[in-house]
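Q: Have a look at the structure that comes next, please.
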Amino acid sequence: MKSDLQISQETELKPIIKIAEKLDIQQDDLELYGKYKAKIDFSTIKKLKKKPDGHLILVTSINPTPAGEGKSTITVGLGDALNQIGKKAVIALREPSLGPVMGIKGGAAGGGYAQVLPMEDINLHFTGDMHAITSANNALSALLDNHIHQGNELRIDSRRVIWKRVVDLNDRELRKVIVGLGGPIQGVPREDGFDITVASEIMAILCLATDIDDLKARLARIVVGYTFDQKPVTAGDLKAEGALALLLKEAIKPNLVQTIYGTPAFVHGGPFANIAHGCNSVLATQTALKLGEYVVTEAGFGADLGGEKFLDIKVPNLKKAPDAIVIVATVRALKMHGGATKEELKTENLAALEKGFSNLKRHIHNMEKYHIPVIVAINEFVTDTEAEFTLLERLCENQGVIVQRASVWEHGADGGIELAKAVVRAIDSQQANYQPLYQPTATIEEKVTTIVQEIYGGKGVNFSKKAKKQIAEFVLNGWDKLPICMAKTQYSFSDDPTLLGAPEGFTITIREFVPKLGAGFIVALTGDVMTMPGLPKKPAALNMDVTNDGEVLGLF
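Read in order, the letters of the sequence shown are residues 1 to 556 in UniProt numbering.
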């Protein structure tokens, strides 16, 4: 089988203006980035606002394993298949981060014959959005430290600065640093640190803002630290929001690309789902909804993270709930959740599959709590056996859920036609009646406990002494009505990545909260979730190269 990169490079791309014409968008409505990439102009977005919304399909998954689930691949393949059966479909995905691309996870452009293109550009610098977010984040850091150095009119306590610098790479050496060394003219020494760019609140803000004015208002609300009196200090107090918005004025515009089959795809924004809300931008999704009959989008990692956050954080901002939810599962991953090792996955193991089904079962029931039709997509692998497929289908049917196989990685759009038909039938026959998991008026403790008990299946929550103190402060500051964004391992329902399947009776510990007022949520930190990943022993970057003719090598 050819690599993703080979398949991508052998595909004859259509000019992006031709892809836009499928959506009744003309060249004057685009800002071109070469022949095959474009941004949608704000004037075009405004013109579309009066158009009715299409149907929204959310693709999520079981808890990921090293075996791979192929959520982005199913998302792309489903969009292609919907077009294949005569529906006008548009795809809305997140942008990849250079950190995972150069590290171990890989890109986020799908795979096989279900890819968004040009995958080399999308997985590398694309249209420069990540760099703009990095620049805006670090500009705020520079303005903050300069304010402290130049007299500190706001009386910011440098020991209580919570705003970090960022870089779009995995670099563990930067997790904790000291800045301002070298004497009085070099600044005020303090402890600092770096996050990866996709963990920046500015990334989350970009993905939730609906226009430039909303962007500026959100940027102004960013809490950067506290005064000596422990009062919050914001980017607005530093009068930084205008400059930050200026750096982001192009990045906020949705990016338009295409799939192998020429399906229009918006690829825009990319907050991590285990430390942020894990969804592509509201602007891209809104634009796609105005242009397509069906919009297929995804949320990062499993339904316990990206899925829950899409439904409880993005939907209230989007003002549109999904009409159907597709949960991606693989025989391979479920066998791992059932106790099989990675080395045993090519061997038929019905017992491990049936045991591991508990993970998928919980995700099914969790998503049904939002009163939206649920479909299970079995992403096929060549090593899966017919007996395993039959067992998994029977287990799903016993739960009363629609289940359909898909082989889009190998067969492209043709491998997703039956899944596409099943999704359309579900939307036509079952009326979605979205209900949030919790109400804004609930307390912080109640919201966290609801997520832990209703989504994770845990017994309860342990709040650290620091977390309890923060809750009291947040109530005084009027921040307690914001939704909760859980920062948790993606590998388990619990905060222990080794507890696979569907563990029960566990307690989640909240060690700290981080206010993200610009994004409009409070992050609850559990376990040892890292906001700056490190590289593996053998980074993917070591296999990458470029020829003298500019041909990319080794990119998946």
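C-beta: ideal position from N, C-alpha, C; glycine also.
Being a predicted model, the structure only gives us computed values, none of them experimental.
1) Compare the Cα-Cα distances from V401 to each of G412, Q435, K361, P440 and report the closest residue.
2) Give the secondary structure of K216 by DSSP, where H, G and I count as helix, E and B as strand, and everything else as coil.
3) Looking at the unbroken beta strand (DSSP E) that takes in S358, where does it start and where does it end?
4) Would the segment 404–416 count as touching the segment 464–477 if we require 3 or more Cβ pairs under 8 Å?
5) Three-state secondary structure (DSSP) at R160?
6) Compute the distance between the beta-carbons of M203 and P100, then report whether it is under 8 Å.
7) Could you pull out every unbroken beta strand (DSSP E) segment of at least 3 residues lying fully inside the segment 48–79, listed in chain order?
8) For Y294, count neighbouring Cβ atoms within 10 angstroms of its own Cβ and tell me buried if that reaches 16, exposed if not.
9) I think D323 touches I427, with their Cβ atoms under 8 Å apart; what is that distance to the nearest whole Å?
10) Residues bridged to L117 by DSSP?
11) In the segment 432–517, which residue ranges form an unbroken alpha helix (DSSP H) of at least 4 residues, counting only runs that do not cross its ends?
12) Tell me the DSSP secondary structure of K37 in three-state form.
13) Go through the segment 219–255 residue by residue and report every complete run of the beta strand (DSSP E) that reaches 3 residues or more, in order.
14) Looking only at its chain, what residues have a beta carbon closer than 6 Å to the beta carbon of S407, apart from the 5 residues adjacent to it on each side?
15) For I510, which residues of its own chain have a beta-carbon under 8 Å away from its beta-carbon, when the five flanking residues on both sides are left out?
16) Between the C-alpha atoms of S72 and D229, what's the straight-line distance to the nearest angstrom?
17) Going by the CB atoms, is the gap between D168 and I196 shorter than 8 Å?
18) Can I122 and V267 be called in contact, C-beta distance under 8 Å?
19) What whole-angstrom Cβ distance do V315 and Y434 have, given they're in contact under 8 Å?
20) Which of the three DSSP states is assigned to V188 in this structure?
21) Quick check: G112 and E410, are their CB atoms within less than 8 Å of each other?
22) To the nearest angstrom, how far is it from the Cα of L395 to the Cα of H337?
23) Where are the alpha helix (DSSP H) runs, 4 residues long or more, that stay fully inside the segment 255–328, in chain order?
24) Among T330, V403, A136, E12, which residue has its Cα nearest to the Cα of R165?
25) Is the segment 250–257 in contact with the segment 49–67, if contact means three or more CB pairs nearer than 8 Å?
26) Relative to the C-alpha of I40, which candidate in S61, K50, I16, N63 has its C-alpha closest?
A: Taking the geometry as given:
1) Out of G412, Q435, K361, P440, K361 has the C-alpha closest to the C-alpha of V401.
2) helix
3) Segment 350–368 is the alpha helix (DSSP H) holding S358; no beta strand (DSSP E) there.
4) no
5) When DSSP states are grouped into helix, strand and coil, R160 belongs to the strand group.
6) no
7) Those beta strand (DSSP E) runs which fall completely within the segment 48–79 and span 3+ residues are 55–61.
8) buried
9) The Cβ separation is near 5 Å, so the contact holds.
10) Q258
11) 444–450, 465–477
12) coil
13) 223–227, 232–234
14) E380, G415
15) V448, V461, N462, F463, S464, A467, A524, L525, T526
16) 47 Å
17) yes
18) Cβ atoms of I122 and V267: closer than 8 Å.
19) 7 Å
20) coil
21) yes
22) Rounded to whole angstroms, L395 to H337 spans 15 Å at the Cα level.
23) Within the segment 255–328, complete alpha helix (DSSP H) segments of at least 4 residues are found at 282–291, 315–318, given in chain order.
24) Among T330, V403, A136, E12, the Cα nearest to that of R165 is on A136.
25) no
26) The residue among S61, K50, I16, N63 with its C-alpha nearest the C-alpha of I40 is I16.
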